[in-house]
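Just so you know, the UniProt record's numbering puts 106 at position 106 of the sequence shown, and the rest follows in order with no gaps. Even glycine gets a Cβ: it sits at the ideal position worked out from N, Cα and C. These notes are about the structure you will find just below.
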Amino acid sequence: LFLIAQPSVFVPECAIHVKASRNIRVHSGHLPRTHGCRLLLPEPSPRYAILAELHKLNVPCTAGFIRYAPSTPILCGKLDQIPIQNRRFLYQLTTKNSLEVHGRPTFAAVFRQVDHCHEVLLTARNGSFEVGPTAKLFCSYKIHLPFGNRVALRLQMGTGSMVDRENDLSNIIHEDAQALCRGMELSLQNGASRWKHCSQPGDPLRNVQIVSEGNFIRLNISVLAKKNTSAMWLKVWWMDKPMEEVVGHCDYGWVLSGDFCISVTRESKRAWRQAEAEPGAGVDDVYWIGATDAVHEGEFRWSDGLPFSFAHWFPGWRKHSSQPNDDGTSGQDCVEARREFPPRPPPAATTFMWNDRGCREHNYFVCERPSVEGKQFINKSPETVLKRYQRI
Numbered sequence: 001l002f003l004i005a006q007p008s009v010f011v012p013e014c015a016i017h018v019k020a021s022r023n024i025r026v027h028s029g030h031l032p033r034t035h036g037c038r039l040l041l042p043e044p045s046p047r048y049a050i051l052a053e054l055h056k057l058n059v060p061c062t063a064g065f066i067r068y069a070p071s072t073p074i075l076c077g078k079l080d081q082i083p084i085q086n087r088r089f090l091y092q093l094t095t096k097n098s099l100e101v102h103g104r105p106t107f108a109a110v111f112r113q114v115d116h117c118h119e120v121l122l123t124a125r126n127g128s129f130e131v132g133p134t135a136k137l138f139c140s141y142k143i144h145l146p147f148g149n150r151v152a153l154r155l156q157m158g159t160g161s162m163v164d165r166e167n168d169l170s171n172i173i174h175e176d177a178q179a180l181c182r183g184m185e186l187s188l189q190n191g192a193s194r195w196k197h198c199s200q201p202g203d204p205l206r207n208v209q210i211v212s213e214g215n216f217i218r219l220n221i222s223v224l225a226k227k228n229t230s231a232m233w234l235k236v237w238w239m240d241k242p243m244e245e246v247v248g249h250c251d252y253g254w255v256l257s258g259d260f261c262i263s264v265t266r267e268s269k270r271a272w273r274q275a276e277a278e279p280g281a282g283v284d285d286v287y288w289i290g291a292t293d294a295v296h297e298g299e300f301r302w303s304d305g306l307p308f309s310f311a312h313w314f315p316g317w318r319k320h321s322s323q324p325n326d327d328g329t330s331g332q333d334c335v336e337a338r339r340e341f342p343p344r345p346p347p348a349a350t351t352f353m354w355n356d357r358g359c360r361e362h363n364y365f366v367c368e369r370p371s372v373e374g375k376q377f378i379n380k381s382p383e384t385v386l387k388r389y390q391r392i
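This is the structure:
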């Protein structure tokens, strides 16, 4: 287990050192009654990483928050309000290994040692990686490309001489899922399909090629080989395969929508004017859509000055919150698309709807630019584009 050393208090926070081992649960009761602490984690070895999982959280955002690292999102409110992907964080050699506790939140987190290749997310357009050679390991990889691009995957596994048969899936689809694999077991998730393959020491080197159904594919790799046997290994290559009916002739990362190419930017949040200047560059599903009434109050137009030919304002709850609701004095001059509308708990709406909001707020954003394909395509609204992205 991890061991918690006695905290040493310094101004303006305390520091609690966590000694290296395999597993521990840390909660707010372990911390002294100060208004800020830092959990200092050990630096993992090159073979391992430390996985932090948040199991409990309750603190008003005005009273405190938790943060895994300086570049990660601030976590506050209740646990069920935190996106699932933000409840976990992997500390590796390249990250600053400390968890920040600001204010006095009620929380509980579990830290456990995992292999260095645990839950690896790969988003590059193409690339490769190797697993092994090793006798014991568990890895999980997800290759996730922009919407409109399939993943063309090539796998090479085994220890013997090469057997190269294009699109060879014969030993992947029909294997016994309950059998114990004394070698390297590859489990591949491709949309609704699940494939499994066991490569034993001495098996011929096999070459497998697969194209994903959607824009991502997941690989789980476990190695459990006997000692003094040939070390197992796997090599993976991938590249993008554009879906022409979705992307047309748009650049990588953009999709075709009527006469335009559309890009949804989720790498970072921007204020409205910053988002307007960076095409292509709280609640996690809120997007600026490039509309404003900053020039004439109540007269909403796109940022290029053109009037709306489509609108999808939130109609409001029974007696309040219908949009747009700015009275001209609160500065809600920019339009965002969102699915959650206070005071109702999420999810409040099944589709993206429009809301006017202060332009200084930071959101993700949607950009568009003219398509090189002309006007022979059906025009689509921002709502349609966001609904398509919502599925990925």
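- Rounded to the nearest whole angstrom, the CA to CA distance from Ser212 to Val247 is 16 Å.
- Listed as beta-bridge partners of Leu99 by DSSP are Leu39.
- Under the three-state reduction of DSSP, Val295 is assigned to coil, being neither helix nor strand.
- Rounded to whole angstroms, the separation of the alpha carbons of Pro370 and Arg125 is 23 Å.
- Listed in chain order, the non-local C-beta contacts of Arg47 below 8 Å within the same chain comprise Asp115 and His116, local neighbours out to five positions each way being set aside.
- The beta carbons of Leu153 and Val236 sit closer together than 8 Å.
- Annotated as proximal: Leu186 and Leu219, with beta-carbon spacing under 8 Å.
- Distance from the CA of Ser71 to the CA of Gln200, rounded to the nearest whole angstrom, comes to 42 Å.
- Taken in chain order, the unbroken stretches of beta strand (DSSP E) that lie wholly in the stretch 57-134 and span 3 residues or more are 64-67, 88-91, 98-103, 106-115, 120-122 and 126-134.
- One thing to note: Val151 has its Cβ within 8 Å of the Cβ of Ile217.
- Sequence-distant partners of Trp233 (beyond 5 residues in either direction) whose C-beta falls short of 7 Å from its own C-beta, in its chain, are Glu130, Val131, Gly132 and Pro133.
- Taking every protein chain shown into account, the CB of Ile84 has fewer than 16 other CB atoms within 10 angstroms, so this residue is exposed.
- When C-alpha distances from Tyr287 are compared across His296, Arg338, Lys241 and Gly258, the shortest belongs to Arg338.
- A straight-line Cα-Cα distance of about 6 Å links Phe308 and Arg301.
- Between the alpha carbons of Ser140 and Gly290 lies a gap of roughly 38 Å.
- For the 8 Å CB-CB criterion, Cys14 and Pro32 form a contact.
- Note on Phe310: under 16 other CB atoms within 10 angstroms of its CB, so exposed under the neighbour-count rule.
- For the 8 Å CB-CB criterion, Arg182 and Leu224 form a contact.
- Scanning Phe352, His296, Val335 and Thr351 for the CA closest to the CA of His362 turns up Val335.
- Counting every other CB atom within 10 Å of its CB across the protein chains shown gives Asp80 a total below 16, marking it as exposed.
- Taking a C-beta distance under 8 Å as the contact criterion, Leu39 and Leu99 qualify as a contact pair.
- Ranked by Cα distance from Thr292, the options Trp238, Ile210, Ile82 and Trp354 are led by Trp354.
- Rounded to the nearest angstrom, the Cβ distance from Ile66 to Val101 is 6 Å, consistent with a contact under 8 Å.
- Annotation for Asn149: Asn215, Asp240 and Pro242 place their beta carbon closer than 6 Å to its own, counting only its chain and skipping 5 residues before and after.
- Val264 sits buried, since 16 or more C-beta atoms from the chains shown fall within 10 Å of its C-beta.
- The secondary-structure analysis by DSSP pairs Gln156 across a beta bridge with Asn207 and Lys235.
- For the stretch 243-267, the full-length beta strand (DSSP E) segments reaching 3 residues or more read 255-257 along the chain.
- One Cα belongs to Ile16, the other to Asn97, and the distance between them is close to 12 Å.
- The alpha-carbon separation between Leu54 and Phe147 amounts to approximately 29 Å.
- Inter-residue distance for Ala108 and Asp251 is about 44 Å (C-alpha atoms, whole angstroms).
- For Asn215, there is no enclosing beta strand (DSSP E), as DSSP marks it with neither H nor E.
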